[in-house]
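*Asks:* I'd like to ask some things about the structure below.
Written out as structure tokens, the structure reads:
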């Protein structure tokens, strides 16, 4: 079972267990349960319009109000220069060997990243793939570092890849939804060409609903026409 599938299944099981508890207790406990839910909702929740039962990878927001990224812990940004300090035993995860190997690869090829640790270790690449307006074509530079990444990942067995495609606000939202998915699949195709197993790569599109820059300028729109990669290290 891949790390990403295990992560989503554990999340769905938690929701299922919560439902069972809610309907088995007495009326007084139901009331308390609803109060707790209301308090938790103030901190953040997933839109009720997004179904819990389906594959979370296939669920992309249809509006900005639905955009809820999972909270995967506080990010620690690493530089692209080698690090020689040894972390304390308390901070070493069970999968430290796979993570250390991945970090060494990213440092060697100067691919900037940040590591998120919340149950599963996830490495989000700050290096992104950018596109021309309305295009899904990869630049030669993007093809080069994606090929290097794919070659490395094909020699491992404990790292899954999630690819998120995005667009700027130009054009209709429905068109941008499809365009973002095509961009993510184009990156996926580049990785699979390196013999990386298909079951370890997941792609999805967010359309124009997750901008990282303002769409008010040409530079901001160029910033938003992108694909992002997150690497999930198995336990």
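Residue numbers (the UniProt record's numbering): 1 to 235. Positions of the beta carbon are idealized from the N, C-alpha and C atoms, including for glycine.
Out of 135, 203, 144, point me to the one whose CA is closest to residue 236's CA.
*Replies:* Within the shown structure, residues of the chain are numbered from 1 to 235, placing residue 236 beyond reach of any answer.
*Asks:* Tell me the residue span of the alpha helix (DSSP H) that contains residue 124.
*Replies:* It is not in any alpha helix (DSSP H) - residue 124 instead sits in the beta strand (DSSP E) that spans 120 to 125.
*Asks:* Cβ of residue 228 within 6 Å of any heavy atom in the ligand FMN?
*Replies:* For the structure depicted, the ligand FMN is absent and the ligand set is empty, with no information on it obtainable.
*Asks:* Classify residue 214 as helix, strand or coil using the three-state DSSP reduction.
*Replies:* Coil, per DSSP.
*Asks:* Spatial neighbours of residue 109 within its chain, please: CB distance less than 6 Å, with the 5 preceding and 5 following residues excluded, ordered by chain position.
*Replies:* Excluding positions up to five away in sequence, the list reads 148.
*Asks:* Could you give the distance in angstroms between the alpha-carbon of residue 207 and the alpha-carbon of residue 100?
*Replies:* Roughly 34 Å separates the two Cα atoms.
*Asks:* Is the segment 208 to 221 touching the segment 162 to 170, taking contact as three or more C-beta pairs under 8 Å?
*Replies:* Yes: the two stretches touch, three or more of their Cβ pairs being nearer than 8 Å.
*Asks:* Going by beta carbon distance, what residues of the same chain come within less than 6 Å of residue 154, once the five residues before and after it are set aside?
*Replies:* Cβ within range, chain order: 194, 195, 196.
*Asks:* Can you name the residues that DSSP bridges to residue 160?
*Replies:* DSSP lists 232 as partners of residue 160.
*Asks:* Within the same chain, show all residues whose beta-carbon is closer than 6 Å to that of residue 162, passing over the 5 residues directly before and after it, in chain order.
*Replies:* Closer than 6 Å at the Cβ level, and outside the excluded window around residue 162, lie 202, 230.
*Asks:* Which residue's Cα is closest to the Cα of residue 127: 143, 182, 134, 120?
*Replies:* Closest by alpha carbon: 143.
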